[in-house]
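Residue 617 in this note's numbering is what sits at position 7 of the sequence shown, and the numbering runs on without skipping anything. Heads up, the beta-carbon is just placed ideally off N, CA and C, and yes, glycines get one too. Predicted model, so just to flag it, every value in this text is computed and none were measured. Here's the structure we're looking at; comments come further down.
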Amino acid sequence: MGSFLARALELAPLTPPAVTTFGDGVWIVGVDIQPGTYRTAASPDLCYGARLSGFGGTFGEIIANELSFDPITVTIEPTDAGFESIDCDLWTNQLTPRTGSPTVGFGDGYWSVGDEIAAGLWRNDDSSQFCYWERLSGYSWEFGDIIANEFSSWIQTVQVRAGDVAFHRPLRQLDIPRTVRLRRSAKTRSTTASSTPKKPRPPVPR
Numbered sequence: 611m612g613s614f615l616a617r618a619l620e621l622a623p624l625t626p627p628a629v630t631t632f633g634d635g636v637w638i639v640g641v642d643i644q645p646g647t648y649r650t651a652a653s654p655d656l657c658y659g660a661r662l663s664g665f666g667g668t669f670g671e672i673i674a675n676e677l678s679f680d681p682i683t684v685t686i687e688p689t690d691a692g693f694e695s696i697d698c699d700l701w702t703n704q705l706t707p708r709t710g711s712p713t714v715g716f717g718d719g720y721w722s723v724g725d726e727i728a729a730g731l732w733r734n735d736d737s738s739q740f741c742y743w744e745r746l747s748g749y750s751w752e753f754g755d756i757i758a759n760e761f762s763s764w765i766q767t768v769q770v771r772a773g774d775v776a777f778h779r780p781l782r783q784l785d786i787p788r789t790v791r792l793r794r795s796a797k798t799r800s801t802t803a804s805s806t807p808k809k810p811r812p813p814v815p816r
């Protein structure tokens, strides 16, 4: 144990990664901004972001995109040519947890499973204005990241699993109330109709 500590003291001190921020614009990946995962705060305007494969301005060059009033998170890949941001305020790679505890209720946006919300059984308290949610395996905004999703006008109960990367509830514009945590119960009946098809979110036109 003594030799382990002595060796550790010889190592260079750990330096936390530098905080990177950028605002609106069309940015070249690897030149203007670096690949990585970034998050924006809630925007007073409708925030639009897009991962780009080129700069010709065509729909075919949109790898994936998102449109939201709520905090959104994206992973920009090294193979992306660029990233476009409109009315999103400031993006940052500082992903400090925003919830005081992973077991308290949370609102709309992208939430990291484990850091911000705990795996387990969750339920919303009102779906009268409709509710849409996604369990995600990543922040690419691509359909392949959607593990499961649901859209309905009734109360939703969802099992967030430990292997999920994130949980996304994007419909702030429909004024959905916050989600509240449930106790586990073997007697709880599912309120999800099996006949309801799963609907992946459509690409957002520019």
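* Asked: So does the segment 716-726 actually touch the segment 755-765, counting three or more Cβ pairs closer than 8 Å?
  -> no
* Where does residue 740 fall in DSSP's three states? -> Within the sequence shown, numbered from 1, the residue matching residue 740 stands at position 130. Residue state, collapsed to three classes: coil.
* Asked: For the segment 737-753 against the segment 680-689, are there 3 or more C-beta pairs whose distance is under 8 Å?
  -> With a cut-off of 8 Å, the segment 680-689 and the segment 737-753 count as touching, because enough Cβ pairs lie within range.
* **Residue interval of the beta strand (DSSP E) (run including residue 777)** => For this step, residue 777 is matched to residue 167 along the sequence shown. Where residue 777 is concerned, the enclosing beta strand (DSSP E) stretches over 776-779.
* Asked: Near residue 703, which residues of its chain fall below 6 Å by C-beta distance, leaving aside the five closest residues on each side in sequence?
  -> Here residue 703 corresponds to residue number 93 of the sequence shown, with the count starting at 1. The residues are 630, 646 and 648.
* Asked: Given that a residue counts as buried once 16 or more other Cβ atoms are within 10 Å of its Cβ, and exposed if not, what is residue 655?
  -> Reading the sequence shown from its first residue, position 45 is the one you call residue 655. With fewer than 16 Cβ atoms within 10 Å of its Cβ, residue 655 is classed as exposed.
* Quick one: is the Cβ of residue 715 within less than 6 Å of any heavy atom of the ligand GDP? -> Ligands displayed in this structure: none; no statement on the ligand GDP is therefore possible.
* Cα separation between residue 699 and residue 637? -> Position 89 of the sequence shown, counted from the start, is the residue given in the question as residue 699. Position 27 of the sequence shown, counted from the start, is the residue given in the question as residue 637. Cα-Cα distance, rounded: 14 Å.
* What number of angstroms, rounded off, separates the C-alpha of residue 674 from the C-alpha of residue 693? -> Along the sequence shown, read from residue 1 onward, the residue named residue 674 stands at position 64. Along the sequence shown, read from residue 1 onward, the residue named residue 693 stands at position 83. Cα-Cα distance, rounded: 10 Å.
* From the DSSP output, in three-state form, read off residue 761 for me. => Numbered from its first residue, the sequence shown carries residue 761 at position 151. Note: residue 761 maps to strand in three-state DSSP.
* Just curious, the beta strand (DSSP E) that residue 698 is in, first and last residue? -> In the sequence shown, the residue the question calls residue 698 occupies position 88. Premise fails: residue 698 is in no beta strand (DSSP E) and is neither H nor E.
* Determine the burial state of residue 777: buried for a count of at least 16 other Cβ atoms within 10 Å of its Cβ, exposed for fewer. => In the sequence shown, the residue the question calls residue 777 occupies position 167. Residue environment: residue 777 is assigned as buried (16 or more neighbouring CB atoms within 10 Å of its CB, all protein chains considered).
* Beta-carbon contacts of residue 628 that lie in its chain and below 6 Å, excluding the five residues immediately before and after -> The sequence position of residue 628 within the sequence shown is 18, counting from 1. Closer than 6 Å at the Cβ level, and outside the excluded window around residue 628, lies no residue.
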